Every structure is written in structure tokens, then in C-alpha cells.
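Participant: My numbering numbers the first residue of the sequence shown as 93 and each following residue consecutively.
Quick one: structure below, then a few questions.
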Amino acid sequence: MIWAAGVGGMAGAMLRYGLGKIISRKAAAAGSSFPWGTWVINISGSLLLGILYVLTGEGILLPLWWAVLGIGFCGAYTTFSTFGYETMQLIREHLRIQAALYVMSSIIMGVAAAFAGMWFTSFIVI
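Shown next, in the form of C-alpha cells:
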């Protein structure tokens, strides 16, 4: 199953890089210093992981696909290390309020998105 996680991880990393660049460029063009690219990716990845969790638990998604999509894709698509790095960048640039908002909103919205994905999928599937 390691290969399955690797295949999913490759796709997740590529999408994160491409989508993150697009979102970050648009945010910068609008004059925002908030790390919208990573924020959107981490929240959407949390939502997807919540959906996949329920599908796997209900036996709809086979363990192989959990390895590809849940562990590999979502694991590479979302990024805790970039979240930490960008938080430190905001602090270094003396944007402490933005850093605090980034941390709080990332955690709250990430957990809420995972819960929403689980709830919605449970509602539809069960």
C-alpha cells in the first residue's frame, strides 16, 4: 500500500503547488498579504478528508483507495509545514494580527470543514 500512498501523494503535491500558486498570485494582485493559497488548500483538504473518512468507514471506499486518496493525496495536498512557515513570515513582517487570524481561522475552519465533510457524507450515505 506504500505505492498507493505515493501515487496519491504525487497528485496531491502537484495540485497543491499549482493551485496554491494561482490563489496566492490572485491574492497578492489584490493587495493581500494573507496566505490565502495555503489556507484554501488546507480547508478544502480537511473537507475532503472528512468525506473520505466516512466513505471508508462505511465500506464504500476500499482501503486501497483510502491509501491513495486519504493518506497520499490529502496528506500531500494539505500542508502543516507551509502553514507554520507562513505564520512565522507574517510575524517577521510585523503582521501579528494577521498571523493570529491565520492560525485561529486555519484550525477552526479546518476542523469545521472535516466535521462538515463527515456530517454531510453521513447524511447522504447512511
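Glycine included, every Cβ here is placed at the ideal spot set by N, Cα and C.
Remember, it's a predicted structure, so these values are computed and weren't measured experimentally.
#1: Are the region 124 to 139 and the region 102 to 113 touching, with three or more C-beta to C-beta distances below 8 Å?
#2: Going along the chain, which unbroken runs of the beta strand (DSSP E) with 3 or more residues stay wholly within the region 124 to 184?
#3: Which residues bound the alpha helix (DSSP H) around M196?
#4: Assign S203 to one of two classes, buried (16 or more other C-beta atoms within 10 Å of its C-beta) or exposed (fewer than that).
#5: According to DSSP, is A103 helix, strand or coil?
#6: G98 and G164 - do their beta-carbons sit closer together than 8 Å?
#7: Once DSSP output is grouped into helix, strand and coil, what is the label at A122?
#8: Please name the residue in E150, F126, I94 whose C-alpha comes closest to that of Q181.
Facilitator: Quick answer:
#1: yes
#2: none
#3: In the sequence shown, residue 196 corresponds to position 104, counting from 1. Counting along the chain, the alpha helix (DSSP H) containing M196 begins and ends at 188 to 217.
#4: Residue numbering aside, residue 203 sits at position 111 when the sequence shown is read from its first letter. Rather than Ser, the amino acid found at residue 203 in this sequence is Val. So V203 ends up on the exposed side.
#5: Stepping through the sequence shown from its first residue, residue 103 is reached at position 11. Of the three classes helix, strand and coil, the one that applies to A103 here is helix, per DSSP.
#6: Within the sequence shown, the letter at position 72 stands for residue 164. Within the sequence shown, the letter at position 6 stands for residue 98. Yes, they are a contact pair.
#7: On the sequence shown, position 30 is the one that residue 122 refers to. In the structure shown, A122 sits in coil (DSSP, three-state: anything other than H, G, I, E or B).
#8: The sequence position of residue 181 within the sequence shown is 89, counting from 1. Taking only the C-alpha atoms, the option nearest Q181 is F126.
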